Structures are given as structure tokens and as C-alpha cells.
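Using this note's numbering, the first residue of the sequence shown is number 137, and each one after it goes up by one. First comes the structure, then the notes that go with it.
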Amino acid sequence: MIEITPLAVSAADLVVGTAPVSGHDVRLSLAPAAARYSLRARDPATLAGVIGRALPARIGDMQGGIACLGPDEYYALLPAGERVPDGAGLPVSVVDVSDRALGFVVEGTGAAAAIATGCPLDLDRFAVGRATRTLFETVEIILLREDTTRFRIEVWRSFAPWLWHALVATIADR
């Protein structure tokens, strides 16, 4: 008889809270709840007017909880429950993606090395205040460097259990 062993916690378990994991100068934890918005506009000034916040000027920059991911694409991480106007009738797209993603925090002096095991970026050159869409192995993530030893990883909820376990394995293997 074949016995099936669960390989990952469910996304629901992650929502309720997975205990932080620490080891080898790295700590992995679930990020605090946040409001998340995918923002797009050809004219950044119009979008800034709609949401009432300044936007980062360069691709890869973060400012006031908003990351510029492309020439017309922004990702907003705001306090949980904060609402952003939808810009109805204007040439902008404001989409609440709060239920689509989860955030992980990877911190400690070994954080960059742990992330580098599955991410192709040169994290020594990825400065504090930078953000980008990239991969961890085969999973798309948004990586934000919040401090020299602190990263936030945003991942789609359906991939979160796999990524959590991949990061735990990375920490254990270091």
C-alpha cells in the first residue's frame, strides 16, 4: 500500500500563522498582514493623483510602501485594511490583490545568502530600498530589500507553502 505524506502546510495554515524558523543567522517569518495593490498607468502623475501618494521615479525603487516594478507598473504594500481609490473613469488600473499574495520576512546576517540559494540576483548589488520581480527556483516572487539584513518576499498564495518549505530547507542546510 502506498502511503502519501504531506509535503507542505496549506495556504490556510500560513494565513493563520506559521511559527518563525531560525537557524544559521537567518530568521524566516510570515510578514504582518497588509493591503496589496497592483497599480498601472502610463502617466505616473495621474496615478499618483488617484491614490494620493507620490510614486517612485525609477524602476526598482520603493517609496512610501510602493515599489516600481516596470515602466507603468507599481506594487503597493500598505497597512492592512487601507483602501486605495479605484480611479474610475481615468486611464489607470488599481486592483486590490491582498488575497492573492502572502509576504515572508527573511532577516539576519545570513538572509542574503539564504535567498541567493534559489534566486539568480546578485544580492550584494541589490541595495536597501530596492524591489524587483524575480524567481526563487521556479516560483515568481517580488523581492524587497528593507534593510541590509532584512528582505520581504511577496509570493502568490498558491505557491506560498512550497516557498515556505524551500526556505526552511535552505536555512536547515546552511
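Quick reminder that beta carbons are idealized off the backbone N, C-alpha and C, glycines included. What you are looking at is a predicted structure, and each value in this text was computed from that prediction instead of being measured.
- Scanning its chain for C-beta atoms nearer than 6 Å, with the 5 sequence neighbours on each side dropped, one finds around V220 the residues Y173, I187 and V230, in chain order.
- In this structure, the CA atom of T284 is about 36 Å from the CA atom of G223.
- Between the segment 198-211 and the segment 157-168, the count of C-beta pairs closer than 8 Å stays below three; the two stretches do not touch.
- When the five nearest sequence neighbours on each side are left out, the beta carbons in the same chain lying within less than 7 Å of the beta carbon of G244 are those of D161, V162, R163 and T285, in order along the chain.
- The continuous alpha helix (DSSP H) containing V186 extends over residues P180 to I187.
- Burial is judged here by how many other beta carbons sit within 10 angstroms of a residue's own beta carbon; P297 has at least 16 and is buried.
- Ranking D260, L191 and A171 by CA distance to the CA of G239 puts A171 first.
- Excluding residues up to 5 positions away in sequence, C204, R266, A267 and T268 lie with their Cβ nearer than 7 Å to the Cβ of G196 in the same chain.
- Residue state for P215 is assigned as strand, using DSSP reduced to three classes.
- In the structure shown, A177 falls within a strand segment according to DSSP collapsed to helix, strand and coil.
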